[in-house]
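> If you use mature numbering (1 follows the signal peptide of the UniProt record, and there is no 0), the sequence shown corresponds to residues -25 to -1, 1 to 283, in order.
A virtual CB, placed ideally from N, CA and C, is assigned to each residue, including glycine.
Predicted, not measured: the structure shown is a model, and the values here were computed from it.
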Amino acid sequence: DRLRVLVGLALAAAVLCGGPRWSVAAGTASPGRGVAAMAPATPAARSPPALEGGRDEAGRKRARVQPAAGAAAGGSSAGTKRPDYLSWDDYFMSVAFLSAMRSKDPSTQVGACIVNPDNRIVGIGYNGFPTGCSDDKLPWSREGGSKLDTKYMYVVHAEVNAILNKNSASVTGCRMYVALFPCNECAKLIIQSGITEVIYLSDKYHDLPEFVASRRMLNLAGVKFRQHSPKSRQVVIDFGVDKVVTALPPHHHEHDPDPESTRTQSPMLGRRLTSPSQSQQQQEEAEEHVQSAQEQGDRSEAAEGRRE
C-alpha cells in the first residue's frame, strides 16, 4: 500500500511539472500488478495538438496551434496572402480603363492594354488625335455640318495606339483588353499584328455594320474574342497619403532628410500632392486651430469654476 501511495505521488508530480505522461492499463487496481501495470506512454498515445482529447498539456498546445490555422484560413495573419487581390483579367482591364482617363474625348473615353503570354504588359493606348495635332484645333463633336466637322475623321482609336505604342518587337501571340468591342478598322490591325485574343467589356454597338464586319473578320482569322465578366464591381484608386504611409515599413524615412518632400515627388500620393511651403502653411494653420481650441476650453473651465 505504501508503495502504491509513493508511485501515485510520483505520477501526480510528473504530470504537474509537465514531465512525461503515463498511461495506466485497465485493471491496475487488482492486487499483484502494482507498478508493472504502469508504463511510459508511447508516442502514439499522445494526442496531436490539432486533434481532440488529451490532458491539460495537450489542450494548451492546441490553444497555440488552432488560432494560427484559423487565421491562415482567413488570410489575415502575417505570412499569408491577401485574399481580395485582383485577378489577371480584372487587373489588365483596369489598366485599360485607367489609360482611358487620359483621353480628351468629351463623349467617349476608351483604353486598351496588350499583354503577352507571360502576363506582361507590352502596349497601352487610348483614343485621341494623332501626335502633333493640337487637341484644341480639331473638332471633338459627334455631329456637324459635314464629316470634316466631326471627330470621326481624326481620332485614332485606343486599339491602334496600343499596338503602335508597343514596347516589344512584336505583339504576335498577345491578347488585348479593351473597353469597347473593336470596330472593323481596328480588327484589321489586330489581325495583321498577330494578336490572338481580344477581351472586351462592352459591345453596345453590336448590330452596327462596322462591328458585324469586325466579328466576321476576327472569326475568319481565328482571333478569339470574349466578353469580360469582372469579379470586382469597381476598382478604387485611393491616393490618400495616410494609407500610403501606413503601408510603408517603419524605416522607410530613416535616410530621408526631408520625409515631407516625398509628397511632391511620389506619384502614388496623387491628388494630395503638396509643396513644402504648402505643408508648412497647413501645419501652421493646424497649430493655430489647436491653440484656439485650447484657449476656448480654458475659458469654458474658468466659467464653470465661477459658477461653482
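Using three-state DSSP, classify Ser116 as helix, strand or coil.
Coil.
> Taking the straight line between their C-alpha atoms, what separation do you get for Arg117 and Lys126?
The alpha-carbon atoms of Arg117 and Lys126 are separated by roughly 6 Å.
> Counting pairs of beta carbons, one from the stretch 157 to 171 and one from the stretch 189 to 201, are three or more of them closer than 8 Å?
Taking 8 Å as the limit for Cβ pairs, the verdict is that the stretch 189 to 201 does touch the stretch 157 to 171.
> Kindly list the residues whose CB is nearer than 6 Å to the CB of His181, restricted to its own chain and excluding five residues on each side of it in sequence; keep chain order.
There are no such residues.
> Using beta-carbon positions only, say whether Tyr101 and Leu113 come within less than 7 Å of one another.
No.
> Taking the DSSP output, what are the residues bridged to Lys199?
Answer is Glu172, bridged to Lys199.
> From Phe186 to Leu155, what distance separates their C-alpha atoms?
So the alpha carbons of these two residues sit roughly 10 Å apart.
> If you check the beta carbons only, do Ala87 and Ala137 fall under 7 Å apart?
Cβ atoms of Ala87 and Ala137: closer than 7 Å.
> Hey, would you say Asn91 sits closer than 7 Å to Cys149, going by beta carbons?
Yes; because the gap between Cβ atoms is below 7 Å, this pair is in contact.
> If we call anything under 7 Å between Cβ atoms a contact, is Gly98 one with Asn140?
Their beta carbons are under 7 Å apart, which means Gly98 touches Asn140 by this criterion.
> Taking DSSP as the reference, what is the three-state secondary structure of Ile212?
Here Ile212 sits in coil by DSSP.
> Any heavy atom of the ligand ADP within a distance shorter than 6 Å of the CB on Cys88?
Ligands are entirely absent from the displayed structure, and the ligand ADP is therefore not among its contents.
> Is the beta carbon of Met76 sitting closer than 7 Å to the one on Tyr152?
Going by C-beta atoms, Met76 is not nearer than 7 Å to Tyr152.
> For His107, count the other beta carbons within 10 Å of its own beta carbon; 16 or more makes it buried, fewer makes it exposed. Which is it?
A small correction: the amino acid at residue 107 is Gly; His does not occupy that position in the sequence shown. When all chains shown are included, Gly107 counts as exposed.
> What residue from Pro157, Trp63, Ser121 has the CA that sits closest to Ser207's CA?
Among Pro157, Trp63, Ser121, the Cα nearest to that of Ser207 is on Trp63.
> Count the other CB atoms within 10 Å of the CB of Gly103; is the residue buried (16 or more) or exposed (fewer)?
Gly103 comes out buried.
> By Cβ distance, which residues of its chain are closer than 6 Å to Lys199, with the 5 residues on each side in sequence left out?
Cβ neighbours of Lys199 beyond the five flanking positions: Glu172.
> Please state if the CB of Pro205 and the CB of Asp65 are separated by a distance shorter than 7 Å.
Contact: yes.
> State buried or exposed for residue 302, treating a residue as buried only when at least 16 other CB atoms are found within 10 Å of its CB.
Outside the displayed span of the chain (-25 to 283) sits residue 302, for which this structure offers no information.
> Going by the DSSP bridge assignment, what does residue 296 pair with across the sheet?
With the chain covering only -25 through 283, there is no way to say anything about residue 296.
> Rounding to the nearest angstrom, what Cα-Cα distance links Ile82 and Gly54 in this structure?
First, the residue type needs correcting, since residue 82 is Ser and not Ile in the sequence shown. So the alpha carbons of these two residues sit roughly 46 Å apart.
> If you draw a straight line from the C-alpha of Val85 to the C-alpha of Lys79, how long is it?
Distance between the alpha carbons of Val85 and Lys79: 10 Å.
> If we count the other Cβ atoms within 10 Å of its Cβ and call it buried at 16 or more, is Ala144 buried or exposed?
So Ala144 ends up on the exposed side.
> Threshold first: 3 residues or longer. Then list the beta strand (DSSP E) segments lying entirely within the stretch 138 to 197, N to C.
The stretch 138 to 197 contains these whole beta strand (DSSP E) runs: 150 to 155, 172 to 177.
> Rounded to whole angstroms, what's the CA-CA distance from Lys179 to Asn142? Just pull it up for me.
Cα to Cα, Lys179 sits roughly 31 Å from Asn142.
> Excluding the 5 residues flanking Pro105 on each side, which residues of the same chain have their C-beta closer than 7 Å to its C-beta?
Here the set comprises Val131.
> Give the single residue among Ala188, Ile89, Val211, Trp115 whose Cα lies nearest to the Cα of Ala134.
A small fix is needed here, since residue 134 is Glu in this sequence, not Ala. Here the closest residue by C-alpha is Ile89.
> Strictly by DSSP, which residues pair up with Val131?
Per DSSP, Gly103.
> Taking all protein chains shown into account, do 16 or more other C-beta atoms lie within 10 angstroms of the C-beta of Val146, making it buried, or fewer, making it exposed?
Val146 comes out buried.
> Between the C-alpha atoms of residue 284 and Trp115, what's the straight-line distance to the nearest angstrom?
Given that the chain is displayed from residue -25 to residue 283, the structure contains no residue 284 and the question cannot be resolved.
> With 16 other CB atoms within 10 Å as the buried threshold, where does Pro157 fall?
So Pro157 ends up on the buried side.
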